[in-house]
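Numbering (the working numbering), first residue to last: 72 to 178.
Here the structure is laid out as structure tokens; the discussion comes afterwards.
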């Protein structure tokens, strides 16, 4: 009996791995709900969006005001003139980057 039949658990693991690969950007960032991304298209005036859900390489997003919803492809979420970049947590306070404790100690 060397004919191994894949179990449901191994099939689910394979499906989860495929989903994770589809939901990962070129830079290797796994797109997850709650992340904030900035639209790099200059026509969008530095619009920031919040990921509501992501599946099959498509992200459901809304703007900070909740007035606009769209579904960009995860493949568009990379550093490019019409792409997106992940906003770091330090940038969220008043829209400006904050100094890390190492930088503060050197001053």
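Beta carbons: idealized from backbone N, C-alpha and C, even for Gly.
Can you pull the DSSP bridge partners for residue i?
i: residue 140; result: 133
i: residue 101; result: 95
i: residue 110; result: 155
Would residue i be called buried (16 or more neighbouring beta carbons within 10 Å of its own) or exposed?
i: residue 84; result: exposed
i: residue 130; result: buried
i: residue 94; result: buried
i: residue 150; result: exposed
How would you write the range of the beta strand (DSSP E) that residue i sits in, first residue to last?
i: residue 120; result: 119–126
i: residue 163; result: Looking at the DSSP string, residue 163 is not in any beta strand (DSSP E), and its letter there is neither H nor E.
i: residue 157; result: 155–157
Pull up the CB-CB distance for residue i and residue j, whole angstroms please, since I reckon it's below 8 Å.
i: residue 103; j: residue 89; result: Contact doesn't hold; Cβ gap of about 17 Å is too wide.
i: residue 68; j: residue 107; result: Nothing can be reported for residue 68, as the shown portion of the chain is limited to 72 through 178.
i: residue 132; j: residue 96; result: Actually they do not touch by this definition, with Cβ atoms about 14 Å apart.
i: residue 138; j: residue 111; result: 20 Å between Cβ atoms; not a contact.
Should residue i be flagged as near chain C, meaning a C-beta pair shorter than 8 Å?
i: residue 119; result: Going by chain labels, chain C is absent from the structure shown, which holds only one protein chain.
Using the C-alpha atoms, what's the distance from residue j back to residue i?
i: residue 123; j: residue 114; result: 23 Å
i: residue 127; j: residue 156; result: 20 Å
i: residue 135; j: residue 91; result: 26 Å
i: residue 118; j: residue 158; result: 11 Å
i: residue 86; j: residue 143; result: 22 Å
i: residue 109; j: residue 81; result: 37 Å
i: residue 147; j: residue 163; result: 22 Å
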